[in-house]
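For the sequence shown, counting from 1, position 122 maps to 122 in my numbering; every step adds exactly one.
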Amino acid sequence: MKVLGIDIGIKRTGMAVSDELGISVRMLPNLVAHKRALAVERIMNLVRQEKVDTILIGQPEGQSEYSKAVLSRALGLKEELEKVIRENQETISVIMWDESYSSKKAAHILAHSGLKRKDRQLKLDAASAAVLVEEYLSSKKAD
């Protein structure tokens, strides 16, 4: 099962993908798309290119205005992806996944990676997406 993780932010959207066996996860370049339709197109191109089975979208659980804004964007993206998947009769699951503490975990990992502060900041969103995928895969192995 190949999983694409998406960590939506206001400025950047991080992405990461697992290998087919769910053993390793690699960070991908941040998604740059200011319009949802363009984001959906780029994500679906990546999904097809990577032969992804499951799209995992980070779901913030907080009550802050930022969390509410990100949640709204995440739910909208999920809806649009599911629409395209249905229209193309593809069998790809789109799942919302609790992203609590994923950014903090990713920041901790990057802080110990030896990268410069500026480089860590640029990779934070993709690293957060990688944490989402790893947590999802770990939960599946536990089942």
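We put the beta carbon where it would ideally sit given N, CA and C, even for glycine.
message: For a test of the three-state rule: what should DSSP assign to residue 10, helix, strand or coil?
response: In the sequence shown, counting from the first residue as 1, residue 10 sits at position 10. The three-state secondary structure of residue 10, taken from DSSP, is coil.
task: Rounded to whole angstroms, what's the CA-CA distance from residue 149 to residue 82? Just pull it up for me.
output: Nothing can be reported for residue 149: it is not among the residues displayed for the chain, which extend from 1 to 143.
query: In three-state DSSP terms, what is residue 127?
result: Counting from 1 along the sequence shown, the entry for residue 127 is found at position 127. Reduced to three states, the DSSP call for residue 127 is helix.
message: Whether or not the segment 89 to 103 and the segment 25 to 41 are in contact is what I'm after, with contact meaning three or more pairs of Cβ atoms, one per stretch, closer than 8 Å; do they touch?
response: No, they do not touch.
query: On the three-state DSSP scale, how would you describe residue 33?
result: Locating residue 33 in the sequence shown gives position 33, where the first residue counts as 1. For residue 33, the secondary structure class from DSSP, reduced to helix, strand or coil, is coil.
message: So, with DSSP's three-state summary, where would you put residue 100?
response: Numbered from 1 along the sequence shown, position 100 holds the residue referred to as residue 100. Residue 100 carries a coil assignment under DSSP once its states are collapsed to helix, strand and coil.
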